[in-house]
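Below: one structure, written as structure tokens.
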Amino acid sequence: MDTDMKGFERLASSMLLQAMADLRSGFKSRRSAWEWMDGQEGDHLSFAQCCRLLGRDPEQVRGLMIRRLYRDSVAVALDVRMPLPQLALPLQPSPPLL
177 MDTDMKGFER LASSMLLQAM ADLRSGFKSR RSAWEWMDGQ EGDHLSFAQC
227 CRLLGRDPEQ VRGLMIRRLY RDSVAVALDV RMPLPQLALP LQPSPPLL
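Right, dumping it as structure tokens:
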């Protein structure tokens, strides 16, 4: 049973990392990633289920991904080198939207 859970955790982690990569890529992939992140929780292997399987709050992970995407897009506009996101880092609360 432990091995099965580790496999699901690896799959969930891979899905979150792929969503982040898709958010950075072309329009079709970006749209697909947003739809998955915004999908219904009851869907099989939903964004929320992947986050919870990894012990993370879906809203916090979503906020982290959006902030990282914004930071990276600003870095590209300024031609600044930024490291790839590390989803394993401790999550911080999302700042309020203006």
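So for the sequence shown, the working numbering puts the first residue at 177; every next one is plus one.
Where is the CB? At the ideal position from N, CA and C, for every residue including glycine.
How many Å lie between residue 184 and residue 199 at the Cα?
Approximately 22 Å, taken between the alpha carbons.
Beta-carbon within less than 6 Å of residue 265's beta-carbon, same chain only, minus the 5 sequence neighbours each way: which residues are those?
The predicted position of residue 265 is uncertain, since its pLDDT is 45 and thus under 50; no value can be drawn from it.
Simplified DSSP state of residue 215, which is helix, strand or coil:
Assignment of residue 215 by DSSP, reduced to helix, strand and coil, places it in the coil class.
Grouping DSSP H, G and I as helix and E and B as strand, with all else coil, what is residue 239?
Correct three-state label for residue 239: helix.
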